[in-house]
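For reference, the structure discussed in these notes is given below.
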Amino acid sequence: MSDMITFPDVVNWAVPFFVAAILAELLWIVIKGRGGRYETRDALTSLLMGAGNVASGIVLGFVAYGFFMVLWAITPLDLGTSAWVIALCFVLDDLRYYWVHRFGHRIRWVWASHVNHHSSQHYNLTTALRQTWTGTFTFMMVMRAPLILLGFHPGMVLFVGGLNLIYQFWIHTEAITRLPRWFEAVMNTPSHHRVHHGRNPRYLDCNYAGVFIVWDKLFGTFVPELDSEKVDYGLVHNLGTFNPLRVAFHEWVGIFRDVTQPGLTWRERLNYCVMPPGWSHDGSKGTSFDIKARYISDHPESAGSPGLRPNMKRK
Amino acid sequence: MPLSVLLPLVVCGIIGIAVILHLLGLSRPARLEGSARASAVWLREFPDAPPTRVILSHDGQAALIETEAGSGVVWAMGADTTARYLGGARIRRTAKGLRIDLPDFTAPHIRLRLDPDEAAQWPSHMKDSA
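In order, the protein sequence lines correspond to chains A and B.
Going by UniProt numbering, the first residue of the first sequence is number 1, and it counts up by one from there.
Going by UniProt numbering, the first residue of the second sequence is number 1, and it counts up by one from there.
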């Protein structure tokens with residue numbers, strides 16, 4: 001068994017690259033006068049969220065790692081550490097990422113952790129670092145369990161996950177418009193991921209890919225960036241604070257307040273945790289489906305265009 | 001990477017980038033250039049509640065919005081904007097204008113820079129919702 005194998009913590013080693021790339025993007029924007037926007041407090045909040053993410057990994061990382069090592073002790077399988085195995089692990093882990101990310105937008109308990117990544121109204125390389133502090137509490141580490149039980153070493157699984165995260169850093173930019181057609185067809189790109197960060201009705205809940213955009217095409221969640229509709233970044237209801245603590249915990253507080261309302265059934269309390277963001281027991285709020293349906297109702301000509309299925313009817 | 005290297009790198013990186021952005025003049029707040037812009041900003045957050053009246057602050061960094069569903073404000077959030085209804089708000093005069101405390105974890109305190117006349121008049125428009 002390859003118990004003693006260690007893999008580098010690539011995300012931490014990439015920190016100098018992150019800083020250099022942010023400065024390069026900023027320089028490009030300032031010199032060219034296009035390719036994105038920066039604002040001091042927004043960027044500072046994003047960077048502090050990134051630092052907090054690293055800190056939470058140091059403090060809470062043992063929970064996931066301990067879980068993975070238990071699985072590794074249980075499984076009789078060991079695929080070793082050849083280059084082909086690492087490559088296969090990278091691809092399968094990207095599939096795992098797609099589903100975790102999709103759950104992150106469709107299950108409020110997981111969204112509570114992921115929402116902060118979408119809380120900036122900007123889209124630049126600092127936005128990439130606006131990462132969660134509370135990922136451990138989503139229990140999404142279970143999604144890595146199949147990989148480990150199949151015989152991929154936990155260290156390798158975390159290593160390829162780190163590479164996945166580093167890949168996703170550079171796509172958080174407006175400085176790159178479109179890449180060659182073959183690349184856009186297979187890989188996640190700045191264009192595809194800009195759409196993912198959009199609050200426009202048609203751009204809600206799509207393009208969940210980490211590295212390979214083919215997962216979205218395969219599972220029917222791909223929406224292309226339209227030249228006719230500029231992406232409007234941020235949340236459906238944008239935050240009124242730059243305080244990192246509020247950014248990190250606001251949706252958890254929202255869940256707590258909703259769940260503890262008086263007069264709800266236990267099923268309704270549970271649904272406030274597991275239904276899509278915007279769900280409410282009395283229909284007083286709206287999910288992304290409701291927002292899309294309302295948009296189609298107001299703009300019937302848009303029905304059937306990307307991101308707006310014709311069968312979305314307003315309730 | 002050892003913590004003794006990572007920590008100073010992260011701290012210096014964050015401070016350095018923030019200082020550069022500020023020196024480049026990228027800390028300027030958004031300005032609402034006219035009532036139409038303020039309406040658009042409100043509708044961006046609340047598309048189902050068209051404004052019936054818009055009162056823009058003297059510096060264009062905030063606007064008081066009246067709708068059939070109640071009053072609200074739009075205000076600059078850095079280079080961008082956001083908006084909230086004023087239900088449950090506590091409104092206080094400050095040296096620079098008004099402070100609005102909302103029962104909203106995502107927008108607990110709104111500090112509006114208003115001139116003395118605005119600071120005197122706006123609360124009367126807000127009180128119906130508060």
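By construction, the Cβ of each residue, glycine as well, lies at the ideal position given by its N, Cα and C atoms.
Since this is a predicted model, take the numbers as computed values, not measurements.
query: Within-8 Å CB hit, His-172(A) to chain B; result: no
query: Within-8 Å CB hit, Val-19(A) to chain B; result: yes
query: Cβ-based neighbour list, Met-187(A), same chain, cut-off 7 Å, excluding 5 preceding and 5 following; result: Val-211, Phe-212 and Ile-213
query: Option nearest Ala-69(B) by Cα separation, candidates Ala-95(B), Pro-47(B) and Leu-56(B); result: Pro-47(B)
query: Whole runs of the alpha helix (DSSP H) within the UniProt domain "Fatty acid hydroxylase" (87 to 221) of chain A, excluding any shorter than 4 residues; result: 108 to 114, 125 to 128, 145 to 149, 154 to 169, 181 to 186, 190 to 196 and 214 to 219
query: CB contact check: Asn-238(A) to chain B, cutoff 8 Å; result: yes
query: Reduced DSSP secondary structure (H/G/I, E/B, other) of Trp-279(A); result: coil
query: Length of the line joining the Cα atoms of Thr-52(B) and Arg-44(B); result: 15 Å
query: Given Ile-58(A) as reference, the closest of Pro-2(B), Ser-39(B) and Ala-40(B) once Cα atoms are compared; result: Pro-2(B)
query: Contact set between the stretch 26 to 41 of chain B and chain A, restricted to residues whose Cβ is under 8 Å from the partner; result: Leu-26 and Ser-27
query: Expected contact under 8 Å - CB spacing of His-197(A) and Tyr-233(A) to nearest Å; result: 5 Å
query: Short Cβ contact (8 Å threshold) for Asn-164(A) with Asp-93(A); result: yes
query: Buried or exposed by the 16-neighbour rule on C-beta atoms within 10 Å, applied to Ser-119(A); result: buried
query: Counted within 10 angstroms of its Cβ, other Cβ atoms place Ser-4(B) as buried (16 or more) or exposed; result: exposed
query: The stretch 102 to 119 of chain B contacting the stretch 262 to 273 of chain A, beta-carbon criterion three pairs below 8 Å; result: no
query: Residue range of the unbroken alpha helix (DSSP H) whose run includes Thr-40(A); result: 40 to 74
query: Alpha-carbon spacing of Trp-111(A) relative to Cys-206(A), whole angstroms; result: 14 Å
query: Glu-299(A), buried or exposed, once every other Cβ within 10 Å from all chains shown has been counted against 16; result: First, the amino acid is wrong: residue 299(A) is His here, not Glu. Exposed.
query: Cβ distance (whole Å) where Leu-102(B) is taken to contact Ala-89(B) below 8 Å; result: 5 Å
query: Under 8 Å from the C-beta of Glu-45(B): neighbouring residues of chain C; result: Of the protein chains in this structure, namely A and B, none is chain C.
query: For Glu-66(B), the three-state DSSP class (helix, strand or coil); result: strand
query: Gly-240(A), buried or exposed, once every other Cβ within 10 Å from all chains shown has been counted against 16; result: buried
query: Minimum Cβ-Cβ distance from Trp-266(A) to chain B less than 8 Å; result: no
query: Inter-stretch contact (C-beta, 8 Å, three-pair minimum) for the stretch 176 to 191 of chain A and the stretch 136 to 152 of chain A; result: no
query: Cα-Cα separation, Ala-128(A) to Ala-120(B); result: 43 Å
query: Rounded distance between the beta-carbons of Asn-53(A) and residue 317(A), thought under 8 Å; result: The shown model of chain A, from 1 to 315, leaves out residue 317(A), and the question about it has no answer.
query: Contact list for Ile-22(A) against chain B, beta-carbon separation under 7 Å; result: Ile-17
query: is_contact[Thr-67(B), chain A] using C-beta, thresh 8 Å; result: no
query: Below-8 Å beta-carbon distance, Ala-293(A) vs any chain B residue; result: no
query: Cβ of Gly-78(B) within 8 Å of any chain A Cβ; result: yes
query: Residue-level contact to chain A via CB, Thr-106(B), 8 Å cutoff; result: yes
query: Minimum Cβ-Cβ distance from Asp-290(A) to chain B less than 8 Å; result: no
query: N- and C-terminal bounds of the beta strand (DSSP E) containing Asp-80(B); result: 80 to 85
query: For Asn-116(A) and Val-41(B), the rounded distance between their alpha carbons; result: 22 Å
query: Under the three-state DSSP convention, the category Leu-32(B) falls into; result: coil
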